[in-house]
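Everything on this sheet refers to the single structure shown next.
There are 2 protein chains.
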Amino acid sequence: MTELARKALLPAGLQDVLPGTAAREAEIREKLMASLAHAGYDRVKTPLVEFEESLLEGAAPELSTQTFRLMDPESRRMMGVRSDMTPQVGRIAATRLVDAPRPLRLSYSGDVLRIKGSHLRPERQFAQVGAELIGVSSAAADTEIVLLALEALESIGLPDVSVDLNLPTLPVRLFDAFGVSRDDREVLTEALERRDVAALRAADGKVTGVLVALLEAAGPAQSALPKLKKLELPLGASEELYRLIDVAERVLASGLDAALTIDPVEMAGFRYQTGVSFTLFARNVRGEIGRGGRYRAGGASGEAATGMSLYMDSILRGLPDAEPVDRVYLPLGTPQREARKLRAEGHYTVAALEGAAEAKTEAAARIEAQGMGCNHIYIGGQVVPLNA
Amino acid sequence: MTELARKALLPAGLQDVLPGTAAREAEIREKLMASLAHAGYDRVKTPLVEFEESLLEGAAPELSTQTFRLMDPESRRMMGVRSDMTPQVGRIAATRLVDAPRPLRLSYSGDVLRIKGSHLRPERQFAQVGAELIGVSSAAADTEIVLLALEALESIGLPDVSVDLNLPTLPVRLFDAFGVSRDDREVLTEALERRDVAALRAADGKVTGVLVALLEAAGPAQSALPKLKKLELPLGASEELYRLIDVAERVLASGLDAALTIDPVEMAGFRYQTGVSFTLFARNVRGEIGRGGRYRAGGASGEAATGMSLYMDSILRGLPDAEPVDRVYLPLGTPQREARKLRAEGHYTVAALEGAAEAKTEAAARIEAQGMGCNHIYIGGQVVPLNA
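Protein chains in written order, with my numbering: chain A, 297 to 684; chain B, 297 to 684.
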């Protein structure tokens with residue numbers, strides 16, 4: 297490894313974001329946040345680290361194994377670096393905003409850090425934009441969050457977005473209802489994750505017929521809904537499935553331009569969801585661009601809530617690069633007042649600098665301008681194209 | 297401590313940023329970043345953590361004691377959480393952007409984490425906005441960074457900004473030139489930090505006369521400059537002082553509306569500066585709102601560079617709160633298409649939600665709207681003031 301390569305080396309899954317991309321990320325993030333704000337979601341900002349105890353309270357066990365720990369020398373207590381912001385927003389709702397009227401609509405953006413990347417998401421630091429709708433358990437709330445995500449993605453012009461509606465709690469409900477043993481649950485869950493109909497059929501018990509039917513019903517909402525409506529499920533599971541159908545029909549009725557699929561037994565990646573959930577995709581973007589669903593804010597005994605997170609890196613991959621801005625080269629001797637006036641008018645300027653650019657003639661300044669990435673130059677009190 | 301207080305407790309110096317403030321911070325941050333972008337400073341984003349070795353390479357020893365460490369289970373090497381972003385930007389300039397044309401102008405924003413807060417700055421996490429001008433060692437470059445900071449602060453309307461120009465390396469230059477012993481340096485440095493003229497005079501040696509003269513010259517640029525110009529300093533020190541005078545005169549000539557003071561022997565808080573430096577203040581804001589100065593990007597053998605950081609928390613304290621936005625309450629039954637249209641037109645909406653708001657009459661909806669912080673309501677296809 298050369299000295300340069302050694303200095304440039306970052307830990308796996310961490311990266312420097314370079315000119316162009318960093319500005320684009322910030323622009324898209326703020327557009328998404330603006331869309332959430334216009335729908336009444338108030339921005340909050342959570343700390344990068346907090347006490348392990350509060351950070352992980354009520355969180356899924358997986359979150360704990362994904363969280364870096366730090367010792368706080370002030371309090372001599374363990375802190376964790378945030379690996380997800382939803383539990384932090386839930387904590388804010390349950391403490392500082394406990395007296396704010398419900399429904400409480402909150403939004404956030406920020407970077408999270410994880411101990412290990414996944415196969416599909418090798419990044420260990422990534423930027424999220426998210427929203428939480430806290431205090432309401434209705435299908436209308438489930439629907440609002442799905443539509444909120446779609447409207448935000450529409451505001452940035454991300455093409456060909458699709459939503460996959462899921463019900464990650466349904467298999468467990470069915471196992472409970474049919475009295476499936478612990479060993480059988482493991483076998484069936486694995487088969488569901490592999491979408492292995494043959495393995496499901498090979499397993500014993502009444503539940504397998506229902507699971508196969510749910511798996512086979514999965515697909516575009518228009519074809520899945522009639523199949524799901526015909527299924528007869530035990531009490532509990534049946535209510536949950538009807539909630540899913542209700543939300544799907546509400547999303548379809550909203551007239552938003554996104555493909556809707558339903559996959560009721562998809563469980564992968566849902567860590568704390570307790571009801572209707574969803575995964576967002578965009579054509580030509582590998583993996584998901586966001587996900588969301590119903591949960592309890594602040595852990596199992598917390599308030600009813602639903603929310604969603606969007607993944608900035610995936611979203612940026614689905615968007616065209618930003619159009620490069622026009623840059624105006626300011627030759628040596630350009631008065632500061634004129635430079636400021638140009639910027640105030642909206643120009644992007646690149647000033648020649650004594651000690652760096654020593655271009656004395658206009659021809660030399662034009663060459664220097666090109667080298668500095670400018671396509672305009674300020675000459676004789678005018679902004680003129682470089683190639684004019 | 298109640299259960300609520302226990303859950304809300306954050307480590308000292310860390311905080312939740314609540315609705316209103318969080319949006320305001322983001323708005324001001326992006327305005328500052330836009331001002332830097334318009335002056336040709338390209339945004340980069342640095343990772344939250346990186347290998348300790350590269351994070352602290354060439355950095356001041358104080359930075360090391362302020363940096364939280366984490367073990368990376370992937371590489372089994374130590375990582376540090378960023379406590380300052382300038383060295384990271386220097387690393388990017390020296391590696392990934394080593395072939396980009398100079399001067400290299402980079403900007404960044406982000407949160408840093410420190411092990412211990414200071415008396416004046418008890419926060420341990422704080423948001424910075426900054427810029428680095430890399431590859432040029434001239435007085436013009438020193439001046440550009442000062443003016444860049446002032447123009448950015450002007451763009452957000454921060455009132456009564458002042459700049460204190462400093463030369464934190466000057467005392468050491470003088471100690472070297474006058475052959476001051478190690479013990480005497482300590483005594484003199486302490487006296488300078490306390491601005492204790494009597495203690496300086498009491499100390500022995502030729503250097504004390506110069507130090508007292510420098511201390512007594514400190515003040516508004518208009519009165520300080522003539523005094524400083526009269527001083528005769530040994531070679532090396534004299535050149536540095538003339539650089540300071542040169543930069544001060546350039547800043548004055550720029551016509552920017554900020555008070556300029558000069559304090560050539562102020563050393564406190566400059567950790568890696570190697571030349572002309574500055575501190576930014578705003579009337580009515582306790583402590584500094586930013587600082588900057590000349591340094592070597594990537595450590596002692598690195599490129600000539602100068603840069604500055606602005607502290608978001610201090611800046612926000614100097615600004616009036618954001619004007620609250622108009623919020624339009626959307627009663628139950630408002631079609632999604634109409635809601636989206638209102639938001640696309642720029643309205644901030646708060647939708648009634650089945651399962652939460654069950655207001656059936658217009659009178660009830662108006663009461664509900666008020667409770668949700670709205671000052672408008674959408675009725676009969678019109679946005680009308682609530683109190684009409």
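We put the CB at the ideal spot given by N, CA and C, even for glycine.
Chain B within 8 Å of residue i, Cβ atoms only
i, result
"H415 of chain A", "no"
"Q424 of chain A", "no"
"H672 of chain A", "no"
"I324 of chain A", "no"
"L305 of chain A", "yes"
"P627 of chain A", "no"
"S550 of chain A", "yes"
"G453 of chain A", "no"
"I675 of chain A", "no"
"V345 of chain A", "yes"
"D456 of chain A", "no"
"A647 of chain A", "yes"
"V313 of chain A", "yes"
Any C-beta of chain A under 8 Å from that of residue i
i, result
"I388 of chain B", "yes"
"K502 of chain B", "no"
"A618 of chain B", "no"
"S597 of chain B", "no"
"P397 of chain B", "yes"
"M374 of chain B", "no"
"K341 of chain B", "yes"
"M668 of chain B", "yes"
"I541 of chain B", "no"
"A409 of chain B", "The sequence shown places Leu at residue 409 of chain B, not Ala. So yes, L409 of chain B belongs to the interface."
"L484 of chain B", "no"
"R392 of chain B", "yes"
Residue i in three-state terms, based on DSSP
i, result
"I388 of chain B", "helix"
"I663 of chain B", "helix"
"Y607 of chain B", "strand"
"D395 of chain A", "coil"
"S403 of chain B", "strand"
"I541 of chain A", "helix"
"V561 of chain B", "coil"
"R587 of chain B", "strand"
"T298 of chain B", "coil"
"V408 of chain B", "strand"
"T602 of chain A", "strand"
"T382 of chain B", "helix"
Top-ranked residue by Cα proximity to residue i, from the options
i, options, result
"D480 of chain B", "B:L461, B:L305, B:G501", "B:G501"
"T459 of chain A", "A:D622, A:G589, A:L344", "The sequence given here has Val at residue 459 of chain A, not Thr. The candidate whose alpha carbon is nearest that of V459 of chain A is A:G589."
"L446 of chain A", "A:E634, A:L626, A:V547", "A:V547"
"A495 of chain A", "A:A513, A:V483, A:V503", "A:V483"
"T645 of chain B", "B:E654, B:G651, B:A655, B:R633", "B:R633"
"Y568 of chain B", "B:F347, B:A308, B:L352", "B:L352"
"M374 of chain A", "A:A436, A:P631, A:S350, A:E358", "A:S350"
"S360 of chain A", "A:S371, A:L344, A:S379, A:L366", "A:S379"
"L606 of chain B", "B:T504, B:E584, B:A301", "B:E584"
"L677 of chain B", "B:T557, B:R365, B:V457, B:A635", "It should be pointed out that residue 677 of chain B corresponds to Gly in this sequence rather than to Leu. Answer by Cα proximity: B:A635."
"F347 of chain B", "B:E323, B:D368, B:D609", "B:D368"
"R320 of chain A", "A:N683, A:D492, A:M608, A:A652", "A:M608"
"R417 of chain A", "A:G309, A:G515, A:R325", "A:G309"
"D492 of chain A", "A:E536, A:D438, A:E562, A:L531", "A:E562"
"P560 of chain B", "B:A533, B:R639, B:A549", "B:A533"
Exercise for the section: Can you check the stretch 303-375 of chain B for any beta strand (DSSP E) of at least 3 residues that lies completely inside it and give the ranges in chain order? Expected result: 345-347, 365-368
Handout entry: Stretch-stretch touch, CB-based, cutoff 8 Å, three pairs: the stretch 428-442 of chain A with the stretch 591-603 of chain A
Key = yes
Exercise for the section: Answer yes if the stretch 503-511 of chain A comes into contact with the stretch 524-532 of chain A, meaning at least three C-beta pairs across the two stretches below 8 Å, and no otherwise. Expected result: yes
Practice task
Please go through the stretch 419-497 of chain B and give each complete beta strand (DSSP E) segment of 3 or more residues, from N-terminal end onward.
Solution key: 421-430, 457-462
Practice task
For the stretch 460-471 of chain B and the stretch 534-551 of chain B, state whether three or more C-beta atom pairs, one from each stretch, are separated by less than 8 Å.
Solution key: yes
Problem - Every unbroken beta strand (DSSP E) inside the stretch 611-680 of chain B [3 residues or more] - result: 623-626, 644-647, 672-675
Problem - Contact between the stretch 399-409 of chain B and the stretch 410-429 of chain A (3+ Cβ pairs under 8 Å) - result: no
Handout entry: Contact the stretch 624-644 of chain A vs the stretch 324-337 of chain B: 3+ CB pairs below 8 Å
Key = yes
Practice task
Examine the Cβ distances between the stretch 308-316 of chain B and the stretch 340-356 of chain A and report whether three or more of them are shorter than 8 Å.
Solution key: yes
Problem - Length-filtered (4 minimum) alpha helix (DSSP H) runs lying within the stretch 493-534 of chain A - result: 493-498, 503-513, 517-526
Handout entry: the stretch 669-683 of chain A in contact with the stretch 604-623 of chain A per 3-pair CB rule at 8 Å
Key = yes
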